[in-house]
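J.: Straight run, no breaks: the sequence shown in my numbering ends on number 114.
For every residue, glycine included, the Cβ atom is placed at its ideal position computed from N, Cα and C.
Just so it is clear, the structure is predicted and the values come from calculations on it, not from any experiment.
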Amino acid sequence: MSEDNAAETGAGTESRENGAIKIYERNDSMENKFIRVDEVAQELSVSKPYAYKLIKKLNNELREKGFITIAGRINRQYFYERLYGTGKGER
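1. How would you call A74, buried or exposed, if buried means at least 16 neighbouring beta carbons within 10 angstroms?
2. Taking the CB atoms as reference points, tell me whether R105 and F57 lie closer together than 8 Å.
3. What separation, rounded to the nearest whole angstrom, lies between the Cα atoms of R99 and N55?
4. If you measure from the beta carbon of I97 to each beta carbon in chain B, is any gap under 8 Å?
5. May I ask you to report which of helix, strand or coil DSSP gives F90?
6. Should R114 go down as buried or exposed, given a rule of 16 or more other Cβ atoms within 10 Å for buried?
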């Protein structure tokens with residue numbers, strides 16, 4: 024079946040939708056692995072500028088250990104381990 028035929032009959036629509044859902048779910052799960060500055064500021068009752076400083080410090084620690092980091096975000100598990108001495112969900 025050609026692409027034109029598939030588009031006319033709707034064939035392949037379900038697989039495209041399932042693919043889009045899988046990508047969304049993957050992005051959503053990645054989003055949960057990292058904590059952003061707003062959440063850090065709220066969790067610690069500090070200002071956003073101070074939360075950025077903390078994230079930068081923690082990201083520098085991770086970078087020194089050879090991990091790739093994202094500016095303005097910190098791995099959620101590492102954040103809780105460093106601040107509370109526990110892993111995810113153990114606080």
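T.: In brief:
1. Buried is the call here.
2. no
3. 8 Å
4. Checking the listed chains, one finds no chain B in this structure; it contains a single protein chain.
5. coil
6. In this prediction, R114 has a pLDDT of 47, which is less than 50 and means its spatial position is unreliable; what the coordinates show is noted afterwards. The residue is exposed, with fewer than 16 neighbouring Cβ atoms inside 10 Å.
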